[in-house]
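Trainee: Questions regarding the structure given below will be posed in turn.
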Amino acid sequence: MKRIILTAIISAVFIPAFAGDTQRTNLALHCAVFPSSGEGAEYAVDGVRKGSFHSSMISPKHFLEVDLGEVRHVDGIKVFFYWGDSRIYTFYVTGSADGKKWEMLADFRKHDIVSSANGYGKDFPARKLRFVKVHVTGNTVNKASHIREIEIYGK
125 MKRIILTAII SAVFIPAFAG DTQRTNLALH CAVFPSSGEG AEYAVDGVRK
175 GSFHSSMISP KHFLEVDLGE VRHVDGIKVF FYWGDSRIYT FYVTGSADGK
225 KWEMLADFRK HDIVSSANGY GKDFPARKLR FVKVHVTGNT VNKASHIREI
275 EIYGK
């Protein structure tokens, strides 16, 4: 009986706190997504980090925009690109509440992080946003962007 009570106390106190620290809500999952060009945009919000990808030729005006459907409190983003070799993707992420005024959320234009299954992530103080754009500016292997998944965190 003491073992059952102790197990229940430990589960009630420690597991929810641990679960809250490790699991985040991906607001982008199955949201509307709009590419400036290219194909396969729906793959960027399908929840599969190593599956098919959105592909487009990189240009100064290229972006992939996620519409969260309503203004949400956003506090982080993670972008997963093709990985499997030593390529590095450069990009930046902007966000907007109204689709008109945009602010910088993450800037990965100057770094040397090789694309991997870990993705590229950035946390920031919560902001009220509805739209998030990923602007791919470079790839060290070829001239294409290969966005596998965009995860937008918050509530």
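Once you know that position 44 of the sequence shown is 168 in the numbering used here, the rest is easy, because the numbers rise by one and skip nothing.
Using N, Cα and C, we set each Cβ at its ideal position, and we do this for glycine too.
For Val157, which three-state DSSP category applies?
Mentor: The sequence position of residue 157 within the sequence shown is 33, counting from 1. Strand at Val157.
Trainee: Around the Cβ of Phe215, are there at least 16 other Cβ atoms within 10 angstroms (buried) or fewer (exposed)?
Mentor: Indexing the sequence shown from 1 puts residue 215 at position 91. It counts as buried.
Trainee: Measuring CA to CA, which of Thr149, Phe205, Gly278 is closest to Ala165?
Mentor: Here residue 165 is taken as the residue at index 41 of the sequence shown, counted from 1. Of the candidates Thr149, Phe205, Gly278, the one whose C-alpha sits nearest the C-alpha of Ala165 is Phe205.
Trainee: In whole angstroms, give me the CA-to-CA distance for Tyr213 and Ala152.
Mentor: In the sequence shown, counting from the first residue as 1, residue 213 sits at position 89. In the sequence shown, counting from the first residue as 1, residue 152 sits at position 28. Going from the Cα of Tyr213 to the Cα of Ala152 covers about 21 Å.
Trainee: State the DSSP-derived secondary structure class of Tyr167, mapped to helix, strand or coil.
Mentor: Walking along the sequence shown from the start, residue 167 turns up at place 43. Tyr167: helix per DSSP, three-state reduction.
Trainee: Using 8 Å as the Cβ pair cut-off and three pairs as the minimum, do the stretch 177-194 and the stretch 226-234 touch?
Mentor: Verdict: no, contact absent.
Trainee: Within this structure, are the beta carbons of Thr264 and Arg211 separated by less than 8 Å?
Mentor: Within the sequence shown, numbered from 1, the residue matching residue 264 stands at position 140. Within the sequence shown, numbered from 1, the residue matching residue 211 stands at position 87. A contact, by the Cβ cut-off of 8 Å.
Trainee: Tell me the DSSP secondary structure of Tyr206 in three-state form.
Mentor: Position 82 of the sequence shown, counted from the start, is the residue given in the question as residue 206. In the structure shown, Tyr206 sits in coil (DSSP, three-state: anything other than H, G, I, E or B).
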